[in-house]
């Protein structure tokens with residue numbers, strides 16, 4: 059995807075995010091009511107997380123190829139995986155605010171498709187594998203593999219399991235991040251288009 063297309067996608071994302079923010083702010087909240095304050099505050103925090111994470115993702119995708127040459131771009135890997143995971147969690151909070159339930163959950167079969175690098179929940183699984191590398195659920199250990207033959211923007215990692223087996227996975231982080239921006243954008247459209255009177259949080263105040 060060319061830089062101009064990325065910027066157009068970014069601009070639309072930010073416009074939709076601003077619309078969502080205005081909709082959240084349009085609801086009068088009794089700040090003396092702890093439950094109202096907590097629910098409304100989570101929605102505002104989710105908005106802020108989406109605002110920050112998109113900047114991190116766009117920064118990652120604007121890196122030139124030299125950024126992937128030695129030393130290994132491990133910091134970039136950690137950063138982009140965390141940013142993508144933050145997006146997923148923020149959307150869940152906004153789902154609860156607008157609809158009263160989490161709507162973008164994938165079914166178990168889809169979530170387990172390890173080759174589906176475009177799946178939002180799979181991104182979180184990759185993040186958890188790597189961030190809990192030494193003792194993930196006490197069942198396996200994970201490491202970021204070193205390779206001079208990796209394609210730009212790709213991450214290759216290996217998993218040792220307690221049963222003695224080993225497997226490795228590769229994820230194209232640039233492709234996955236751009237795909238997720240599009241999915242988040244679609245999700246934001248549903249938030250911005252819902253009438254105020256139908257927002258779950260607003261109805262709970264009536």
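Numbering (my numbering), first residue to last: 59 to 264.
All C-beta atoms, glycine included, are put in the ideal place defined by N, C-alpha and C.
Query                                                                                                                                                             : Result
What are the start and end residues of the beta strand (DSSP E) that includes residue 200?                                                                        : 198 to 202
Check whether the Cβ atoms of residue 238 and residue 142 lie closer than 8 Å to each other.                                                                      : yes
For residue 230, report the span of its beta strand (DSSP E) as first-last.                                                                                       : 224 to 230
For the stretch 139 to 159 and the stretch 183 to 193, state whether three or more C-beta atom pairs, one from each stretch, are separated by less than 8 Å.      : yes
Closer than 6 Å by C-beta to residue 242: which residues in its own chain qualify, once you throw out the five before and the five after it? Chain order, please. : 145
Could you give the DSSP three-state label for residue 84: helix, strand or coil?                                                                                  : coil
Taking just the CA atoms, how far does residue 253 sit from residue 71?                                                                                           : 20 Å
Determine, using beta carbons only, whether residue 78 and residue 246 come nearer to each other than 8 Å.                                                        : yes
Can residue 148 and residue 203 be called in contact, C-beta distance under 8 Å?                                                                                  : no
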